[in-house]
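Residue numbers (the numbering used here), protein chains in the order written: chain A, 23 to 79; chain B, 2 to 283.
Below, the structure is given as structure tokens:
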């Protein structure tokens with residue numbers, strides 16, 4: 023979520039004219055991969071919570 | 002911008018799905034649904050994952066972030082009408098990323114995929130000659146200037162047809178199941194991505210989606226000009242279908258044949274570039 027926050031904040035600050043375009047693009051290039059991998063890490067199936075195999079009654 | 006990046010990723014994955022579907026239909030197979038590549042990415046992202054014992058942990062994870070990062074940069078350069086050289090510098094960097102993917106895992110299949118990625122760097126040379134040929138006409142490497150040139154003189158596809166063909170071959174060499182797709186050929190299992198699974202593979206799929214969108218849209222902007230979004234989508238679809246025909250009807254070349262063909266294309270492009278240059282100087 024830090025990646026998304028950084029990207030969205032940089033976008034807003036860029037629109038307000040405070041952040042130059044090159045700095046906005048640099049923030050985006052760094053934050054988008056972090057956002058994607060962070061999102062996937064958040065929703066992926068965690069280890070150690072495996073299903074109990076069906077072993078009959 | 003993040004929303005646009007996600008949209009571009011999903012568009013690229015959808016186009017890759019259409020690519021697979023068209024190839025299958027040409028080969029008289031039902032093929033997967035067109036959204037299969039999107040499902041593929043989501044499927045990997047939901048799975049649990051681990052890193053092989055033989056892998057370099059930092060490189061194994063870091064290369065995925067680099068892969069997404071460089072194509073994010075390329076997408077940004079394309080949208081802002083930046084330099085074509087930056088986009089093709091990133092294209093070259095992607096070779097190093099593929100190499101990093103292959104070497105980081107410690108798997109022989111991954112390593113061979115990485116090595117093939119390096120030897121297929123021959124495909125980049127026609128690209129640079131193609132870019133140079135464009136610059137002879139437009140006097141600029143900026144996409145915004147190239148688009149402006151085409152608004153006055155008409156599409157570069159007609160003015161510099163051999164350059165368009167060379168760049169088409171470069172894009173073909175990046176499409177899966179193509180004659181030049183030696184980095185992912187089946188004798189290497191999945192080539193450089195064999196050992197990346199779970200979220201790391203999903204990250205690679207995100208990179209592939211972005212890469213496909215950037216390469217196809219850049220081709221259209223450079224050789225056809227600025228198009229409305231619907232026409233751009235239609236153009237990308239048409240381009241993918243034509244690439245699918247080329248992939249479906251051509252056998253995968255052996256690594257040495259692949260490099261030989263690409264080197265021949267480079268030779269022809271060099272001759273074309275020389276003729277253009279002499280014409281301009283005369």
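The beta carbon of each residue, even a glycine, is placed where N, CA and C say it ideally should be.
For residue 65 of chain B, the closest of B:22, B:4, B:49, B:207 by C-alpha to C-alpha distance is B:207. Classified as exposed, residue 26 of chain B has fewer than 16 neighbouring CB atoms from the shown chains inside 10 Å of its CB. Taking 9 Å as the cut-off between beta carbons, the residues of the segment 44–56 of chain B near chain A are 45, 46, 47, 48, 49, 50, 51, in sequence order. At least 9 Å separates the CB of residue 40 of chain A from every CB of chain B.
The beta-carbon of residue 63 of chain A is placed less than 9 Å from the nearest beta-carbon of chain B.
Taking a beta-carbon distance threshold of 9 Å, residue 79 of chain B does not count as an interface residue toward chain A.
In the DSSP assignment, residue 44 of chain B falls within the alpha helix (DSSP H) that extends over 37–47. Rounded to the nearest whole angstrom, the CA to CA distance from residue 76 of chain B to residue 224 of chain B is 17 Å. The beta carbons of residue 83 of chain B and residue 144 of chain B sit about 6 Å from each other, so the pair counts as a contact at 8 Å.
The beta carbon of residue 137 of chain B sits closer than 7 Å to the beta carbons of 277, 278, 281 from its chain, once the five residues preceding and following it are set aside; these are given in chain order. Linking residue 57 of chain A to residue 271 of chain B through their CA atoms gives a straight-line distance of about 42 Å. Within 9 Å of the CB of residue 45 of chain A, no CB atom of chain B is found; the nearest one sits about 12 Å away.
For the segment 83–95 of chain B, no residue has a beta-carbon sitting nearer than 8 Å to a beta-carbon of chain A.
At least one CB atom of chain A sits nearer than 9 Å to the CB of residue 66 of chain B.
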